[in-house]
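In this text, residue positions in the sequence shown follow the UniProt record's numbering: the first is 1, and each later residue adds one.
Since the structure comes first, as structure tokens, the remarks are kept for the end.
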Amino acid sequence: MQQTKPDGVTPSQTVGPYFAYGLTPNGKYDWNDAFNNNLVTSDTSGERIRIEGQVFDGDGAVVSDCMLEIWQADAQGRFSDPQDKRAQPNTSFKGFGRIGTDAKGGYAFDTIKPGTVPDPDGKPQAPHILLAVFARGMLLHNYSRIYFDGEAANASDPVLALVPADRRATLIATRQPGGNAVYRFDIHLQGDKETVFFDV
């Protein structure tokens, strides 16, 4: 049997557009999201923050069908996970959120500022949020971190120390002016402004 070859390279479609139907329906279908972009619950303690931004491709165009997931510790630096023996059983804060980008590539998470957590060697890490990026054309999702500007602990964070100094800014969310705690964190999948992604 003779096989035909495609005329050109075709992109892999690993997330969009069907992820919206199964993972981020956002009220458009007959069921609720299993996870959404608001992580704050009635008994959650800590500073309420919003992280917002846009996702861009290598040409600087917005990515309107990207999915983002975050995982973080609570304000005391504890994860809602059985492996974290320090976890507080009396809170419903799960530390996991998910959202799809909008037509302008925008996203936002309402959460709390995480506390300091130890790395596997017990060294303290600066407050941060783990980020997974799913997008069309990517066979595997990308992993990154969101740190916060103005944190003294950033200077001694063992993971940030692995990143060249001129690239660390791509991992730092910038506090926006105003009374509410809003941080801006844009994600660039490729190009000169590419966000640092980690091989994990």
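Glycine included, C-beta positions come from ideal geometry on N, C-alpha and C.
Going by DSSP, what residues sit across from residue i in a beta bridge?
| i | result |
| --- | --- |
| P118 | P124 |
| L130 | W71, R145 |
| Q83 | Looking at the DSSP assignment, Q83 forms no beta bridge with any residue, so it has no partner. |
| E52 | A108, R184 |
| V97 | Sequence inspection shows Gly at residue 97; the Val mentioned does not correspond to that position. I70, per the DSSP bridge assignment. |
| R175 | Y183 |
| V62 | F56 |
| F198 | Y143 |
Considering just the uninterrupted stretch of the beta strand (DSSP E) at residue i, what are its terminal residues?
| i | result |
| --- | --- |
| A108 | 106-112 |
| E69 | 67-71 |
| V182 | 182-184 |
Classify residue i as helix, strand or coil using the three-state DSSP reduction.
| i | result |
| --- | --- |
| N36 | coil |
| T44 | coil |
| T170 | helix |
| Q13 | Because Q13 carries a pLDDT of 46, less than 50, the predicted location of this residue cannot be relied on, and the following value inherits that uncertainty. DSSP places Q13 in coil when its eight states are reduced to three. |
| S156 | helix |
| L23 | coil |
| A135 | coil |
| A103 | coil |
| L162 | helix |
Residue i and residue j look like a contact to me (Cβ under 8 Å); what is the Cβ gap, rounded to whole Å?
| i | j | result |
| --- | --- | --- |
| G150 | R175 | 6 Å |
| I49 | A181 | 4 Å |
| Q125 | D157 | 5 Å |
| G46 | K113 | 6 Å |
| D43 | S80 | With a Cβ gap of about 12 Å, D43 and S80 do not count as contacting. |
| Y143 | A152 | 25 Å between Cβ atoms; not a contact. |
Could you say which of the options lies nearest to residue i if we only look at CA atoms?
| i | options | result |
| --- | --- | --- |
| G77 | I49, D57, V117 | V117 |
| E194 | P158, Q54, F93, F148 | Q54 |
| D59 | V196, F197, I187, G115 | I187 |
| F109 | G97, P120, A103 | G97 |
| D199 | G178, D192, A169, V163 | V163 |
| Q146 | K104, V196, M138, D119 | Contrary to the premise, residue 146 reads as Ile rather than Gln in this sequence. The option with the nearest alpha carbon to I146 is V196. |
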